[in-house]
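Chains as they are written, first to last, in UniProt numbering: chain A, 1 to 165; chain H, 1 to 165.
2 protein chains.
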Amino acid sequence: MARTPAPFDELDYQILLALRENARQPAADIARLTGANERTVRNRIDRMAESGAIRLTSIVDPHAFGYVNTVDIFLEVDPEQEQAAIDNLLNRQEITYLALGQGTKEVSIEGRFKDIAEMREFLGRVLPAVPGVHVTGYALVPRIIRNIDSWLPKADDFAHLDNEN
Amino acid sequence: MARTPAPFDELDYQILLALRENARQPAADIARLTGANERTVRNRIDRMAESGAIRLTSIVDPHAFGYVNTVDIFLEVDPEQEQAAIDNLLNRQEITYLALGQGTKEVSIEGRFKDIAEMREFLGRVLPAVPGVHVTGYALVPRIIRNIDSWLPKADDFAHLDNEN
DNA sequence: GCTGAAAATTATGCATT
DNA sequence: AATGCATAATTTTCAGC
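Below you can see the structure in the form of structure tokens.
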């Protein structure tokens, strides 16, 4: 193992759980909740945020803005135009997810739309007009039940001071 | 249109942008940034959070915890056991995403793992052991470039007081 | 729904261990 | 790295518009 082991402990975990419910929750509250020192809690929050282990952010609910139609789209992208195509796609507000696939030509995206007409327009006109991009398939997504924002590591990824190496 | 139009304006949008970078940024800072009243900024934040339009949360970076292997998995689920199967899957920490597909039997998930062995175990042993679940396919995901946490509505989803209906 | 002012709470900077 | 303390800044409460 060349990677450094997770330098996170039980307190970090509890702070994480608290911030996940409300990122603006005062460190003092979390200190009371956990019994830890208020100053320590703030140090931990700063450390986790600055290291990039967590991101304290605002997630917008697409439904609240009327984006009720979700579709997963599978693309084949000309390798020579891949970077330009991806840059192009990343500029599109409709795209909520973009990932590279195993093959060099595979790219999958997710789009959200206010109505079916917008979605069809995107699939039939917008995407085909992006140089190097071919739509190989798509599938409507009626309901997303879990997404990355609710993900957590295993509890024992937070060291109990006894599982080093 | 039966749904209420987005009751958000330019100020909400700017607040959103600020909170997206740092959910703990003080309302006073945002007030200075936008020229809006400090108290108004807090009211807006509270309103957007309470209405569910935004969620102020902590997103954990799987990479920081060693979860470097991502795989998209397509499942066929026996309709009679669907709810139990989904509940079962939702209890699994490895699953970062779970969505229902168009067909009544289709479910797609994304899993993250620390190594390929864990991933293979999940695909070959864990999933097949869930009653009513059959793996119909999977695809490794080498790199996710955009995810839902960075999504934003269109700028003109924030009313300029002139686009009502 | 927006804003103001005092009181309560919280965060920051610095120093100590 | 954790913590205590003084100071600065912020949030809250209650109010009026």
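We put the beta carbon where it would ideally sit given N, CA and C, even for glycine.
Contacts of residue i in chain H (Cβ-Cβ under 8 Å)
| i | result |
| --- | --- |
| glycine 101 of chain A | Ala139, Leu140, Val141 and Pro142 |
| aspartate 149 of chain A | Arg55, Thr57, Ile59, Ile148 and Asp149 |
| leucine 19 of chain A | Thr57 and Ser58 |
Beta-carbon neighbours of residue i, restricted to chain A and to distances below 8 Å
| i | result |
| --- | --- |
| isoleucine 145 of chain H | Ile86, Leu90, Leu98, Ala99 and Leu100 |
| glutamate 79 of chain H | This sequence places proline at residue 79 of chain H; glutamate is not what is there. The contacting residues do not exist; proline 79 of chain H stays about 14 Å from chain A at best. |
| aspartate 157 of chain H | Phe65 and Gly66 |
Within chain H, partners of residue i - CB distance below 7 Å
| i | result |
| --- | --- |
| glutamine 14 of chain A | Near glutamine 14 of chain A there are no residues of chain H at all, since even the closest Cβ is about 12 Å away, more than 7 Å. |
| glutamine 83 of chain A | Correct list: empty, because the minimum Cβ distance to chain H is about 11 Å. |
| alanine 31 of chain A | Residues of chain H passing the Cβ test: none, with the nearest at roughly 15 Å. |
Reduced DSSP secondary structure (H/G/I, E/B, other) of residue i
| i | result |
| --- | --- |
| threonine 104 of chain H | coil |
| alanine 53 of chain H | coil |
| methionine 132 of chain H | For the sequence presented, residue 132 of chain H should be read as glycine rather than methionine. DSSP places glycine 132 of chain H in coil when its eight states are reduced to three. |
| glycine 124 of chain H | helix |
| phenylalanine 65 of chain A | helix |
| arginine 24 of chain A | coil |
| alanine 117 of chain A | helix |
| glutamate 10 of chain H | helix |
| valine 41 of chain A | helix |
Closest Cα partner of residue i within the set the options
| i | options | result |
| --- | --- | --- |
| isoleucine 95 of chain A | H/Leu17, H/Gln14, H/Trp151 and H/Asp9 | H/Trp151 |
| valine 107 of chain A | A/Phe113, A/Gln81 and A/Gly124 | A/Gln81 |
| asparagine 88 of chain H | H/Ile145, H/Arg42 and H/Ala129 | H/Ala129 |
| glycine 103 of chain H | A/Arg143, A/Glu110, A/Phe65 and A/Gln93 | A/Arg143 |
| asparagine 91 of chain H | H/Gly111, H/Ile54 and H/Ala28 | H/Gly111 |
| aspartate 61 of chain H | A/Ile59, A/Arg55, A/His63 and A/Pro62 | A/Arg55 |
Interface partners of residue i on chain A, CB under 9 Å
| i | result |
| --- | --- |
| glycine 52 of chain H | Asp61, His63 and Ala64 |
| proline 153 of chain H | Val60, Pro62, Ala64, Phe65, Gly66, Tyr67 and Gln93 |
Integer Cβ distance of residue i from residue j, believed to fall under 8 Å
| i | j | result |
| --- | --- | --- |
| lysine 114 of chain A | proline 79 of chain A | At roughly 33 Å, the Cβ-Cβ gap does not stay under 8 Å, so lysine 114 of chain A and proline 79 of chain A are not in contact. |
| threonine 57 of chain A | aspartate 149 of chain H | 6 Å |
| arginine 44 of chain A | isoleucine 15 of chain A | 5 Å |
| arginine 146 of chain H | tyrosine 97 of chain A | 6 Å |
| phenylalanine 65 of chain H | proline 153 of chain A | 4 Å |
Chain-ordered neighbours of residue i on chain A, where CB pairs are closer than 7 Å
| i | result |
| --- | --- |
| asparagine 22 of chain H | Leu56 |
Any non-hydrogen atom of the ligand MN within 7 Å of residue i CB
| i | result |
| --- | --- |
| asparagine 43 of chain A | The ligand MN is not part of this structure, which contains no ligands at all. |
Point to revise | the region 68-85 of chain H in contact with the region 119-127 of chain H per 3-pair CB rule at 8 Å | key: yes
Practice item. Mind the definition here: the region 128-148 of chain H touches the region 17-26 of chain H only if three or more C-beta pairs lie below 8 Å; say whether that holds. Key: no
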